[in-house]
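Novice: FYI, UniProt numbering numbers position 208 of the sequence shown as 208, with every residue one higher than the one before it.
Cβ atoms here follow ideal geometry from the backbone N, Cα and C, with glycine treated the same way.
To start, I am sharing the structure in question, which I have written as structure tokens.
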Amino acid sequence: MSSNDQFAPGDPVARYQRVEPPVQHQPEPGVQYEMQPVPDLGESSYRGLGRLTGRRALITGGDSGIGGAVAIAFAREGADVAIAHLPEEASDAEHVLEQVRAAGRTGVSLPTDISDPAACRKLVADAVEGLGGLDIVVNNAGRQIAVENVEDLDDEQFEQTFRVNVFANFWITKAALPHLAPGSAIISTASLEAYQPAPDRLDYAASKAAINNLSKGLAQQLADRGIRVNVVAPGPTWTALQVSGGVSDEQMRAFDDESTYQRAGQPAEIAPAYVFLASAEASYISGETLNVNGAMVTP
Ligand code: NAD
Ligand code: MG
1 MSSNDQFAPG DPVARYQRVE PPVQHQPEPG VQYEMQPVPD LGESSYRGLG RLTGRRALIT
61 GGDSGIGGAV AIAFAREGAD VAIAHLPEEA SDAEHVLEQV RAAGRTGVSL PTDISDPAAC
121 RKLVADAVEG LGGLDIVVNN AGRQIAVENV EDLDDEQFEQ TFRVNVFANF WITKAALPHL
181 APGSAIISTA SLEAYQPAPD RLDYAASKAA INNLSKGLAQ QLADRGIRVN VVAPGPTWTA
241 LQVSGGVSDE QMRAFDDEST YQRAGQPAEI APAYVFLASA EASYISGETL NVNGAMVTP
């Protein structure tokens, strides 16, 4: 059992060191293998219990960060996974797919720009073909570009953030529905920002609030089809989002201090929430948001 094994009892605050990141910049979307330090996706720690045996999952943004950790955890729980990512993230995607295949599961890479509705529909069709069906959709891809003043937040950025974070969620979910049998699960990714919007992330935070709201409505609509819809809302987590424009230099230096634990979360700590919500253990849970943020309490 490694020291950060998810079943190891002990002080959760001490499970990981502070990240204390050196200030670093990458163009959007950022590649994880160039980060200092590289985030922990649970490669050496996640142990599955067969909770998703034979399930087939599409995970957007499954190449890195939270989505990458979810892909690895799902595979170790027995699921086959298709991951969507941007073409420039091929190397991060390959790292995750190696882990998926090492778990003995099928891993499919689907380079896609999800800001386009036709591309979202093709993504779902390709995932269904590559996996032989679909049971779980994880809407996880997202963009976050900090802009200090609203006057400098241009219309194109505002729209692109909503296209990737919200519209693609709608397009992908709608395209997936004909393939989802009773017992299927849709899980989207909101944020602490849905409740506590940072002043320099207006478009991002509003998009995350929209995801929460959309999912709660959809959960009710799809209940009689036996499809559960839930949300995971992470707190500050060390991922490529931060180094590709998501936070200011000042915020990056103090990234650990944002959280009540006084350390950033790691993707490996967020992934188990998705496993739980995807699994049949969560049969009576739909329309819920599971906050995974180390005591940064939300309303
Ligand atoms: P990440 O950069 O590792 O993952 C985001 C992914 O989004 C990228 O890997 C990329 O593949 C995908 N993406 C972005 N634009 C895309 C586009 N146009 N087409 C297709 N894919 C696109 O960072 P992460 O932090 O793991 O982000 C995953 C999710 O978690 C996001 O929705 C993010 O908003 C959310 N989140 C992150 C934090 C945090 O602190 N890291 C906190 C709360 C919520
Ligand atoms: Mg990535």
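(1) Among the residues of its own chain, which have a CB less than 7 Å from the CB of residue 34, if the five just before and after it don't count?
(2) Beta-carbon separation of residue 229 and residue 287 under 8 Å?
(3) At a cut-off of 7 Å, is residue 179 close to the ligand MG when judged by its beta-carbon and the heavy atoms of the ligand?
(4) Using 8 Å as the threshold, is the C-beta distance between residue 52 and residue 279 below it?
(5) Report the partner residues of residue 139 according to the DSSP bridge assignment.
(6) Which stretch, first to last residue, makes up the beta strand (DSSP E) that contains residue 107?
(7) So what's residue 2 in DSSP terms, helix, strand or just coil?
(8) Tell me where the beta strand (DSSP E) around residue 223 begins and ends.
(9) Determine, for residue 52, whether the minimum Cβ-Cβ distance to residues of chain D falls below 8 Å.
(10) Can you say whether residue 242 is buried or exposed, counting buried as having 16 or more other CB atoms within 10 angstroms of its CB?
(11) What do you reckon, is the C-beta of residue 43 under 7 Å from a heavy atom of the ligand NAD?
(12) Give a yes or no on contact between the region 211-224 and the region 262-280, applying the rule of three or more CB pairs nearer than 8 Å.
(13) Can you tell me whether residue 55 is helix, strand or coil according to DSSP?
(14) Relative to the ligand NAD, is the shortest distance from any of its heavy atoms to the C-beta of residue 100 smaller than 7 Å?
(15) Does the beta carbon of residue 213 fall short of 7 Å from some heavy atom of the ligand NAD?
(16) With distance defined between alpha-carbon atoms, name the residue in 225, 198, 71 and 55 nearest to residue 131.
(17) With a cut-off of 7 Å, give the chain-ordered residues whose Cβ is closer than this to any heavy atom of the ligand MG.
(18) Nearest by alpha-carbon distance to residue 104: which of 203, 117, 48 and 155 is it?
(19) What does the Cβ neighbour count give for residue 77, buried or exposed, with the cut at 16 atoms within 10 Å?
(20) Quick check on residue 294: buried or exposed, where buried means 16 or more other Cβ atoms within 10 Å of its Cβ?
(21) Would DSSP call residue 40 helix, strand or coil?
(22) What does the alpha-carbon distance come out to for the pair residue 266 and residue 154?
(23) Between residue 268 and residue 41, how many whole angstroms is the CB-CB distance? I'm expecting something under 8 Å.
(24) Would you tell me roughly how many angstroms separate the C-alpha atoms of residue 118 and residue 239, rounded to the nearest one?
(25) Applying the criterion that 16 or more other CB atoms from any shown protein chain within 10 Å of the CB defines a buried residue, is residue 140 buried or exposed?
(26) Measure the C-alpha to C-alpha separation of residue 223 and residue 173 and round it to an integer number of angstroms.
(27) For the alpha helix (DSSP H) that contains residue 249, what are its first and last residues?
(28) Are the Cβ atoms of residue 210 and residue 120 separated by less than 8 Å?
(29) Can you give me the Cβ contacts of residue 1 inside the same chain, cut-off strictly under 8 Å, excluding the 5 residues immediately before and after it?
Specialist: On the basis of the supplied data:
(1) Reading the sequence shown from its first residue, position 34 is the one you call residue 34. 26.
(2) Reading the sequence shown from its first residue, position 229 is the one you call residue 229. Reading the sequence shown from its first residue, position 287 is the one you call residue 287. Taking a C-beta distance under 8 Å as the contact criterion, residue 229 and residue 287 qualify as a contact pair.
(3) Residue 179 sits at position 179 when you count from the first residue of the sequence shown. No - the ligand MG has no heavy atom lying nearer than 7 Å to the Cβ of residue 179.
(4) The residue you call residue 52 lines up with position 52 of the sequence shown. The residue you call residue 279 lines up with position 279 of the sequence shown. Taking 8 Å as the Cβ cut-off, residue 52 and residue 279 qualify as a contacting pair.
(5) As a first step, residue 139 must be located in the sequence shown, where it is residue number 139. DSSP lists 188 as partners of residue 139.
(6) The residue labelled residue 107 in the question sits at position 107 within the sequence shown. Residue 107 -> beta strand (DSSP E) spans 107-111.
(7) For this step, residue 2 is matched to residue 2 along the sequence shown. For residue 2, the pLDDT reaches just 49, beneath the cut-off of 50, and the residue's location in the model is therefore unreliable, although a value from the coordinates is still provided. Residue 2: coil per DSSP, three-state reduction.
(8) Along the sequence shown, read from residue 1 onward, the residue named residue 223 stands at position 223. Careful: residue 223 lies outside any beta strand (DSSP E) and carries neither H nor E.
(9) No chain D is part of this structure, which consists of one protein chain only.
(10) Within the sequence shown, residue 242 is the residue found at index 242, counting from 1. Answer is buried; the Cβ neighbour count reaches 16.
(11) The residue labelled residue 43 in the question sits at position 43 within the sequence shown. No - the ligand NAD has no heavy atom lying nearer than 7 Å to the Cβ of residue 43.
(12) no
(13) Working through the sequence shown from its first residue, we reach residue 55 at position 55. Residue 55 falls in the coil class under three-state DSSP.
(14) In the sequence shown, residue 100 corresponds to position 100, counting from 1. Checking the Cβ of residue 100 against the ligand NAD gives no.
(15) Residue 213 sits at position 213 when you count from the first residue of the sequence shown. Checking every heavy atom of the ligand NAD against the Cβ of residue 213, none is found closer than 7 Å.
(16) The count along the sequence shown starts at 1 and reaches residue 131 at position 131. Of 225, 198, 71 and 55, the residue nearest in Cα terms is 55.
(17) 29, 30, 31, 32, 61, 63, 64, 65, 85, 89, 92 and 240
(18) Here residue 104 refers to the residue found at position 104 when the sequence shown is read from its first residue. Residue 48 is the option with its Cα nearest to residue 104.
(19) Stepping through the sequence shown from its first residue, residue 77 is reached at position 77. Residue 77 should be labelled buried.
(20) The residue you call residue 294 lines up with position 294 of the sequence shown. The residue in question, residue 294, is buried, as its Cβ has 16 or more Cβ neighbours within 10 Å.
(21) Here residue 40 corresponds to residue number 40 of the sequence shown, with the count starting at 1. Of the three classes helix, strand and coil, the one that applies to residue 40 here is coil, per DSSP.
(22) Mapped onto the sequence shown, residue 266 falls at position 266. Mapped onto the sequence shown, residue 154 falls at position 154. One C-alpha to the other measures close to 31 Å.
(23) Stepping through the sequence shown from its first residue, residue 268 is reached at position 268. Stepping through the sequence shown from its first residue, residue 41 is reached at position 41. Right, their Cβ atoms sit about 6 Å apart.
(24) Locating residue 118 in the sequence shown gives position 118, counting from the first residue. Locating residue 239 in the sequence shown gives position 239, counting from the first residue. Cα-Cα distance, rounded: 28 Å.
(25) Here residue 140 is taken as the residue at index 140 of the sequence shown, counted from 1. Classification of residue 140: buried, given that the 10 Å Cβ count is 16 or more.
(26) The residue labelled residue 223 in the question sits at position 223 within the sequence shown. The residue labelled residue 173 in the question sits at position 173 within the sequence shown. Those two C-alpha atoms are separated by around 15 Å.
(27) Residue numbering aside, residue 249 sits at position 249 when the sequence shown is read from its first letter. That run of the alpha helix (DSSP H) goes 249-253.
(28) Here residue 210 refers to the residue found at position 210 of the sequence shown. Here residue 120 refers to the residue found at position 120 of the sequence shown. Taking 8 Å as the Cβ cut-off, residue 210 and residue 120 do not qualify as a contacting pair.
(29) Numbered from its first residue, the sequence shown carries residue 1 at position 1. Note that residue 1 scores 41 on pLDDT, short of 50, meaning its location in the model is unreliable and no value can be drawn from it.
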